[in-house]
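Report on the following structure.
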Amino acid sequence: MSDKLPDFIDPLLFAERRTVLSGALEIAALERLSDLVLVKDGDVEIEAQFGKEGKRAVISGTIKATLELACQSCLQALSWPIDLKFKLGVVSSLQEAEQLEIDCEPLLFDGEKVSLNALIEDEILLALPDYPRHEYDCILQRSSKDADFDDESQTKTHNPFSVLAKLKKTGE
Ligand SMILES: [Zn+2]
């Protein structure tokens, strides 16, 4: 079930109504995030549950996406899966924010409606690394791509031997 997500939310009203939002946001609609990704097609899947803990309005939810970031070593595409949970406590002042539980981030709410896009985008940006990089030594691999192919075919031809070796061992 995914309905069209609202552009703006009233967190206090939604909390009273125990609203659940579920759906997809286009990456292209998230401006700051768009600047960071190589591929702007695609969606961010979100789910957000509004409710109350005591008197406090809280929003908890999940964000899922696969972003194509630019590797900061080789500048090539780097697939970066996002699968994060967030929990926000709606507060009206910094003093109030300090009273929040440790697992709860403050959402400062001054009565103006909150942009859902901006809220989700903030959470994603917080979760992204400052310097995303390939896990392997990508610069080295790029300069020796041909060598990689040789390595691969070698591994393949080695496989039957390792199977034989295994059989021999169990036969003993
Ligand atoms: Zn790289």
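Numbered by my numbering, the letters in the sequence shown go through residues -6 to 165 in order. Cβ coordinates follow ideal geometry from the N, Cα and C atoms, glycine included. Computed from a predicted structure; not experimentally measured.
Helix, strand or coil for residue 40? Go by DSSP, reduced to three states. strand
- [ ] Using alpha carbons as the reference points, say which of 112, 32 and 34 lies closest to residue 80.
- [x] 112
Worksheet entry | Buried or exposed (CB count within 10 angstroms, at least 16 for buried), residue 39 | buried
Worksheet item: Under a three-way DSSP split, which group does residue 95 fall into?
Response: coil
What residue does the beta strand (DSSP E) around residue 19 start on, and which one ends it? 13 to 19
| task | Go ahead and pull the three-state DSSP assignment for residue 76. | result | strand
Q) Under 7 angstroms from any heavy atom of ligand 1, does the C-beta of residue 81 make it? A) no
Our contact map puts residue 114 next to residue 23 with C-beta atoms below 8 angstroms; I'd like the distance itself, whole angstroms only.
5 angstroms
task = Can you have a look at residue 143 and say buried or exposed, based on whether 16 or more other CB atoms are within 10 angstroms of its CB?
result = Because the pLDDT of residue 143 is 48, which lies under 50, any placement of that residue in the model is unreliable, and the question is left without a value.
**Asked** Would you report the Cα separation of residue 19 and residue 36, rounded to the nearest angstrom?
**Response** 4 angstroms
With a 10 Å radius around its C-beta and 16 neighbouring C-beta atoms as the bar for buried, classify residue 168 as buried or exposed.
Outside the displayed range of the chain (-6 to 165) lies residue 168, so it cannot be described from this structure.
>> Using only CA atoms, which one of 66, 133 and 73 lies nearest to residue 26?
In response: 73
* DSSP-derived helix/strand/coil call for residue 7 -> helix
ask   = Can you give the Cα-Cα distance for residue 17 and residue 78, rounded to whole angstroms?
value = 15 angstroms
With a 10 Å radius around its C-beta and 16 neighbouring C-beta atoms as the bar for buried, classify residue 141 as buried or exposed. Because the pLDDT at residue 141 is just 49, under 50, the model does not fix this residue reliably, and the value given afterwards should be weighed accordingly. Exposed.
Endpoints, the beta strand (DSSP E) within which residue 58 is located
49 to 63
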